[in-house]
Amino acid sequence: GAGVSQTPSNKVTEKGKYVELRCDPISGHTALYWYRQSLGQGPEFLIYFQGTGAADDSGLPNDRFFAVRPEGSVSTLKIQRTERGDSAVYLCASSTHSGSGTDTQYFGPGTRLTVL
Amino acid sequence: AQSVTQLDSHVSVSEGTPVLLRCNYSSSYSPSLFWYVQHPNKGLQLLLKYTSAATLVKGINGFEAEFKKSETSFHLTKPSAHMSDAAEYFCVVSLLAAGNKLTFGGGTRVLVKP
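Sequence lines, in order, name chains A and B. Note that the working numbering numbers the first sequence so that position 103 is 103, with each residue one more than the last. Note that the working numbering numbers the second sequence so that position 39 is 155, with each residue one more than the last.
Structure below.
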């Protein structure tokens with residue numbers, strides 16, 4: 001079946017602009033996660049959705065970052081007034097939610113964001 | 117709080133020789149532990165996971181890892197490296213109490229020499 005998809009694969013923008021990054025999770029997965037991977041580092045958690053609601057947004061670096069998942073499927077990560085430090089690969093993952101803490105997260109290919 | 121330390125940022129091995137990637141974790145509670153692999157310009161792929169069942173976990177492509185609670189370690193091994201194993205490997209911990217969000221180590225880049 002289809003895996004997690006993310007669009008666009010690459011996004012180049014100018015400092016100060018607004019960007020939206022989209023994630024399509026695996027069908028039926030209720031949990032959705034966003035991570036950010038800076039060059040040479042491991043991914044870092046940003047936000048977690050269970051269904052339509054953000055269950056944990058403790059990883060969002062500041063209020064320029066916002067994410068939504070209005071129908072419990074597709075999610076959009078929104079970044080306002082982009083800064084050069086926002087340049088990174090943004091990864092989306094989805095999983096089932098068994099409540100056991102052992103669910104595997106399946107990752108999309110990522111969106112590479114470059115802020116000039 | 118939970119954290120993961122990968123003890124080697126780079127590992128170089130010859131094809132056909134064993135691979136050892138070291139990982140230590142810190143967690144207040146019983147964690148779930150994972151190893152993911154990331155090939156260049158490709159997404160993260162799960163190699164294996166430990167979820168409090170057998171302490172020796174077998175994964176894909178001949179990899180395995182052993183959970184040692186007394187040493188807070190979860191080292192990844194493979195008896196014989198293949199050229200296709202060249203990639204970056206991440207040791208990862210998650211906690212049910214933390215909403216299953218994953219905490220990644222810094223990664224180990226594996227180079228396989230012919």
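Ideal Cβ placement from N, Cα and C applies to all residues, glycine included. Predicted, not measured: the structure shown is a model, and the values here were computed from it.
Select from the options the residue whose C-alpha is nearest the C-alpha of residue i.
i       : options                               : result
S146(B) : S186(B), G159(B), R225(B) and D124(B) : S186(B)
S143(B) : K217(B), P230(B) and S210(B)          : S210(B)
Y166(B) : D103(A), L46(A), K11(A) and A67(A)    : D103(A)
T76(A)  : Q41(A), G59(A), D24(A) and R36(A)     : D24(A)
V226(B) : A170(B), Y141(B), P156(B) and N140(B) : P156(B)
L21(A)  : S27(A), K15(A) and K11(A)             : K11(A)
L163(B) : S125(B), C139(B), Y205(B) and V228(B) : Y205(B)
Contact check, residue i vs residue j under 8 Å by CB: the rounded distance?
i       : j       : result
L123(B) : F190(B) : Not confirmed; about 12 Å, so no contact.
G42(A)  : G222(B) : 5 Å
T80(A)  : Y35(A)  : The residue asked about is misnamed: residue 80(A) is Gln in this sequence, not Thr. Not really, about 20 Å apart at Cβ, beyond 8 Å.
T188(B) : S119(B) : About 10 Å; that fails the 8 Å criterion.
A55(A)  : G178(B) : About 36 Å separates the two Cβ atoms, so there is no contact after all.
When you compare the CB of residue i with every CB in chain B, is at least one pair closer than 8 Å?
i       : result
F45(A)  : yes
Y48(A)  : yes
D56(A)  : yes
K109(A) : The sequence given here has Pro at residue 109(A), not Lys. Cβ-Cβ to chain B under 8 Å: yes for P109(A).
S100(A) : yes
Q80(A)  : no
Y33(A)  : yes
G72(A)  : no
G42(A)  : yes
Determine, using beta carbons only, whether residue i comes closer than 8 Å to chain A.
i       : result
L218(B) : yes
L227(B) : no
G221(B) : yes
K158(B) : yes
F183(B) : no
L212(B) : yes
L172(B) : no
What does DSSP give as the partner residue(s) for residue i in the beta ladder?
i       : result
G53(A)  : Q50(A)
F65(A)  : I79(A)
A181(B) : V173(B) and L192(B)
Y33(A)  : Y48(A) and A93(A)
L218(B) : S210(B)
V120(B) : Y141(B)
S5(A)   : D24(A)
K11(A)  : L113(A)
H126(B) : R225(B)
Y152(B) : L162(B) and F206(B)
Decide if the segment 19–32 of chain A is in contact with the segment 45–61 of chain A; the criterion is three or more beta carbon pairs, one per stretch, under 8 Å apart. Three or more beta-carbon pairs drawn from the segment 19–32 of chain A and the segment 45–61 of chain A are found closer than 8 Å, and the two stretches are therefore classed as touching.
Would you say the segment 79–94 of chain A touches the segment 103–111 of chain A, given that touching needs at least three Cβ pairs under 8 Å? Three or more Cβ pairs closer than 8 Å define a contact, and the segment 79–94 of chain A meets that threshold against the segment 103–111 of chain A.
With contact counted as at least three CB pairs below 8 Å, one residue from each stretch, are the segment 65–79 of chain A and the segment 120–135 of chain B in contact? No: fewer than three Cβ pairs fall under 8 Å.
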